[in-house]
Amino acid sequence: MGSLSYLVVEEIVEEVTAITISAWPAADGRGRLRFEGTEPAEVAVTTEMLQAELYDGWLNRERRIGDVFAAVVNQDVLDEATESVWRGPLKRLLPGPVYDLTAEARTVAKLALYAARSDILTEGEAAANAMDEKEVRNDEPANHRAELDGRGDAT
């Protein structure tokens, strides 16, 4: 099995959802994500299939622009999936575990925005503002789905 890829729901237009599939990002010396290497692949999938096979029975919410997943992508199927609207099953494209990284990706994006717009605090300043003790809560469903079964049922 190959390495993890980074999947982002980029656009939702009625019955079609666009997903960008990139190589796994690296972090630079300042902790910023860097996507290097090959150009990302653009895959259009039917919104109904994506909802049924990935979201229903696991995340139990509607898909949103900006949702982020990690998964091993079947590279042999990827070329076929980029030719037109991919009608699945999604399990052919994503044959193994799928991880929901949406909450983490949104946090990283916020941190990058805040870092770009603010001064760097010293450890003392962070402690004085209780920023070193913030508890992170995750009330979301489990962020891991063992595999897709083609019907949206977790296996």
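Quick note on numbering: the working numbering labels position 6 of the sequence shown as 3, and the sequence is numbered without any gaps. Cβ atoms here follow ideal geometry from the backbone N, Cα and C, with glycine treated the same way. Every value quoted in this text rests on a predicted model; they were computed, and no experiment measured them.
| Item | Value |
| --- | --- |
| Test item: CB-CB of V5 and T14 under 8 Å | no |
| A68 and Y96 closer than 8 Å at C-beta | yes |
| Cβ pair count under 8 Å reaching 3, the stretch 70 to 90 against the stretch 35 to 42 | yes |
| Helix, strand or coil at V42 [DSSP, three-state] | strand |
| For V105, three-class secondary structure by DSSP | helix |
| Reduced DSSP secondary structure (H/G/I, E/B, other) of E120 | helix |
| Closest Cα partner of I9 within the set A23, S115, T44 | T44 |
| Beta-carbon separation (whole angstroms), V65 vs L30, contact threshold 8 Å | 11 Å between Cβ atoms; not a contact. |
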